[in-house]
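In my numbering, the protein residues as written are 1 to 260.
Have a look at this one:
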């Protein structure tokens, strides 16, 4: 049995009336991250790659810089816990009161300030991508999205080079899908300055800032960006591509990286 899915008996209603059927529904479960022995944050997620979600979340929030800072990592998926030891101070107390409720699925929690992100250095990278490559990468994201096709209730993210998907993750939360990708990259020590992040979800300021903080120069989405994400992309040197559907897409910033 796939731990990400549950079969539920439902009533299907159409123009012919109602009938009872079994339907695949995606699992949503709480994941509590313990940092240095202290309860740090609880995320709502798809129970897969939860250890990598925890690692990616801590990196996104600036709690760790790379995987080598983690002394121990224990994934108790059955009970919904991940235990991380860094040997550092109890940062949960230091960051108490700085939580921000995001626009993400499951009311995600972040500790960074969008204003703080403007102090970051712009992403500098010679990476370019072609019109055809953008369409093919989005096509690859959709081809890999088995759980979405089964349930219709999931987001996808992929780390790519221009002609290939390297890592692919799914989660009920678009933030979580990105953080799972980041966790895998940290564990495998994958350089990110020459990579592309492709996602199914809306590009809000939080997703844009995650991308900039880890140095990815090109962000591609099937969905729309927000005004603030566009402004941040311009300031932080990110090529922002949205509405990749059919044979077209929109480039909102960093057009020099998109070549014909």
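For glycine and all other residues, C-beta sits at the position ideal for the given N, C-alpha and C.
- In the displayed model, residue 49 falls within coil according to three-state DSSP, outside both helix and strand.
- If you compare the alpha carbons of 164, 2 and 23 with that of residue 12, the shortest gap goes to 23.
- Contiguous alpha helix (DSSP H) elements confined to the region 136-160 occur at 146-151, taking only those with 4 or more residues.
- Residue environment: residue 242 is assigned as buried (16 or more neighbouring CB atoms within 10 Å of its CB, all protein chains considered).
- Cβ-Cβ separation between residue 171 and residue 46: approximately 4 Å, consistent with a contact (criterion under 8 Å).
- DSSP places residue 224 outside both helix and strand once states are collapsed to three, so it counts as coil.
- With at least 16 other beta carbons inside 10 angstroms of its own, residue 179 counts as buried.
- Taking the CA atoms as reference points, residue 125 sits about 19 Å from residue 166.
- Around residue 216, the same chain offers 192, 195 and 197 as residues with beta carbons nearer than 6 Å, after the five sequence neighbours per side are excluded.
- A residue is called buried once 16 or more other Cβ atoms fall within 10 Å of its Cβ, and residue 20, having fewer, is exposed.
- One alpha carbon belongs to residue 69, the other to residue 159, and they sit about 23 Å apart.
- By the Cβ rule, the region 184-191 does not count as touching the region 217-224, because fewer than three pairs are nearer than 8 Å.
- For a cut-off of 8 Å, the C-beta gap from residue 207 to residue 245 is around 18 Å, too long to register as a contact.
- Looking at the DSSP output, residue 83 sits in a beta bridge with 34 and 74.
- Between residue 31 and residue 80, the gap from beta carbon to beta carbon is short of 7 Å.
- Within the same chain, 169, 180, 183 and 184 come within 8 Å of residue 49 by CB-CB distance, once the 5 residues on both sides are set aside.
- Closest by C-alpha distance to residue 162, out of 121, 259 and 203, is 259.
- Judged by DSSP in its simplified three-state form, residue 188 adopts helix.
- Nearest C-alpha to residue 154 among 66, 205, 9 and 26: 26.
- Around the beta carbon of residue 16, fewer than 16 other beta carbons sit within 10 angstroms, so the residue counts as exposed.
- Under DSSP, no beta-bridge partner is assigned to residue 174.
- Residue 239 counts as buried, since no fewer than 16 other beta carbons sit within 10 angstroms of its beta carbon.
- Residue 71 and residue 135 have their alpha carbons spaced roughly 40 Å apart.
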